[in-house]
Amino acid sequence: MAESGSEAGLYAISVVAHLVGTGQQNIRLYERRGLLTPDRTAGGTRQYSDADLAVLRRIGELLEEGLNLAGVAKVMELEAANARLRAELKRARSR
DNA sequence: CTTCTGACA
DNA sequence: TGTCAGTA
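For the first sequence, my numbering assigns the number 68 to the initial residue and increments by one for each residue that follows.
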């Protein structure tokens with residue numbers, strides 16, 4: 068019941084900025100640093116999905132743990148690689 | 001809404 | 001280095 072129909076999971080930058088507790092400029096900086104890749108509308112407006120919002124929350128936590136933006140990017144890169152390997156491992160086991 | 005520049009902790 | 005503020 069959480070989502071109602073059509074525009075579930077799409078947020079403007081002002082909304083996500085408030086949700087993660089940071090400024091809009093910082094979120095744009097994260098994207099420039101390669102930490103984030105939100106979809107863009109034809110007019111150039113960023114549209115953040117629910118997954119993007121989760122990533123932004125993860126960025127905030129990692130930053131509080133003392134990592135810099137480069138470290139955050141590395142962690143998420145490794146996590147993506149880990150998930151990929153885990154999926155391949157699961158595939159190999161079932162075979 | 002976007003981008004850029006400048007200043008601060 | 002990351003964040004915030006003001007501007008075009």
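Beta carbons are placed, not taken as given, at the ideal position from N, Cα and C, and that holds for glycine.
- Judged by DSSP in its simplified three-state form, R107 adopts strand.
- In the three-state DSSP reduction, R100 falls in the coil class, being neither helix nor strand.
- Under DSSP, the beta-bridge partners assigned to Q114 are D106.
- If you ignore the 5 residues before and after S81, its C-beta comes within less than 7 Å of the C-beta of Q91, all in its own chain and listed in chain order.
- Classified as exposed, A109 has fewer than 16 neighbouring CB atoms from the shown chains inside 10 Å of its CB.
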